[in-house]
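Counting with full-length UniProt numbering, you get residues 1 to 297 for the letters of the sequence shown. By construction, the Cβ of each residue, glycine as well, lies at the ideal position given by its N, Cα and C atoms.
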Amino acid sequence: MTWVKRIIKLAPIKSIAFERVKFDIQKLENPSIEGIEYQQGTLQGYTLREALLEHWGRKCAYCDAVNVPLEIEHIRPKSQGGSDRFNNLTLSCQRCNQNKSNQSIDEFLKNDPVRLDNIKRHQKQSLRDAAAVNSTRNKLFDSLKSFNIPAYCGSGAYTKMMRIKSNLPKTHFIDAGCVNALQEVTLKTIQPLRVKCNGHGNRQFVTMDKHGFPRSCYAPKHVRKDWKAGDIIKVKKKDGTSVLGRVKKAAKTLIFIPFRGKETSFSPKNTKPIHRSDGYRYSFTTIDSELLQKIAT
Ligand SMILES: [Zn+2]
């Protein structure tokens, strides 16, 4: 919400498009897999597959293979009474799916207890995630409507359809542009600004033991008044050039991480403020070259 407010101040925003992430628990608990396989390519068929892809990290759950066709896989095989519910499903490559065939997961992964444990833990998470998303998404959309700007709501399946129609690769910022798009999307930039919520450090003055008694005395973290960790500054170097970067620690000298290059310390005299730390961390994401090529073609 903070960012919606900020962006509205800076740019003439005419409408807000919001992707209402849809986890229909009822449907996910009881999906008809056959039906979904038939509907591949249509709007409806995306939902379960997309939810599984998102949940299991777009890779084979058993061998981590990426960029291969992934099949919907029953963790507890159907022949042993496994259900079609969302939390009994994962994704695997064709080879692993065939190797596992009718074995139970304990049998199939008996030589890899770490992976077995991970999959079981992840499996338990599945519906908790869905419930959390479901309970917040409606509230968020209601809050967005309070800005007196028309707010429209799209689904994840529609976003994916528009992205594929526009022939663009999958990344978060491209997906954001495709939410509720009315026509094909053309890319005007390939460098998104990444904003990460970082917080303002620690409010706690002293550390406490388990009984609540102070263990250490109060040691102020920010000793300098002019700079603090997180500020973005410009530092003038001895050779006359200047570099941009973020303050990591502000003490007698500044420990400073340039956006390009290695961490160094500087005297605070030769610095100029660019942006005060506001609890967010800004960076330009680097797009991998493979993606760049896809966009270029
Ligand atoms: Zn595999």
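Secondary structure of residue i, DSSP reduced to three states
{"i": "I7", "result": "helix"}
{"i": "I233", "result": "strand"}
{"i": "K153", "result": "Before going on, a small fix: residue 153 reads as Cys here, not Lys. If DSSP states are grouped into helix, strand and coil, C153 belongs with the strands."}
{"i": "Y158", "result": "helix"}
{"i": "K238", "result": "coil"}
{"i": "T271", "result": "strand"}
{"i": "A51", "result": "helix"}
{"i": "V195", "result": "strand"}
{"i": "F141", "result": "helix"}
{"i": "S79", "result": "helix"}
{"i": "I190", "result": "coil"}
{"i": "I16", "result": "strand"}
{"i": "P113", "result": "helix"}
{"i": "R281", "result": "strand"}
Straight-line Cα distance separating residue j from residue i
{"i": "S267", "j": "R276", "result": "18 Å"}
{"i": "G245", "j": "K9", "result": "26 Å"}
{"i": "K188", "j": "P113", "result": "47 Å"}
{"i": "A151", "j": "K234", "result": "39 Å"}
{"i": "K194", "j": "H211", "result": "What sits at residue 194 in the sequence shown is Arg, not Lys. Their backbone Cα atoms lie some 41 Å apart in a straight line."}
{"i": "P12", "j": "R6", "result": "11 Å"}
{"i": "H55", "j": "S216", "result": "42 Å"}
{"i": "Q125", "j": "F108", "result": "21 Å"}
{"i": "residue 353", "j": "N102", "result": "Beyond the ends of the chain as shown, which are 1 and 297, falls residue 353; an answer cannot be given."}
{"i": "V206", "j": "K196", "result": "27 Å"}
{"i": "S242", "j": "G279", "result": "25 Å"}
{"i": "K165", "j": "G57", "result": "23 Å"}
{"i": "E184", "j": "M162", "result": "7 Å"}
{"i": "I149", "j": "S15", "result": "6 Å"}
Residue range of the unbroken beta strand (DSSP E) whose run includes residue i
{"i": "K248", "result": "242-250"}
{"i": "F256", "result": "254-258"}
{"i": "E200", "result": "Residue identity differs from the one stated: residue 200 is His in this sequence, not Glu. Where H200 is concerned, there is no enclosing beta strand (DSSP E), given that its DSSP letter is neither H nor E."}
Residue i - containing alpha helix (DSSP H), residue span
{"i": "C93", "result": "From DSSP, C93 is part of no alpha helix (DSSP H) but of the beta strand (DSSP E) over 89-93."}
{"i": "F173", "result": "172-178"}
{"i": "F266", "result": "Unbroken run through F266 is the beta strand (DSSP E), 264-266; no alpha helix (DSSP H)."}
{"i": "E107", "result": "105-108"}
Residue-chain proximity (residue i, chain D), Cβ-Cβ < 8 Å
{"i": "G199", "result": "The question asks about chain D, but that chain is absent: this structure has only one protein chain."}
Check your understanding: Taking contact to mean at least 3 C-beta pairs separated by less than 8 Å, is the segment 228-238 in contact with the segment 247-256?
Key -> Yes, they touch.
Cβ contact (3+ pairs, closer than 8 Å) linking the segment 72-84 and the segment 136-144:
Verdict: no, contact absent.
Meets three-Cβ-pair contact criterion under 8 Å: the segment 47-59 and the segment 176-187: They do not touch, by the three-pair rule.
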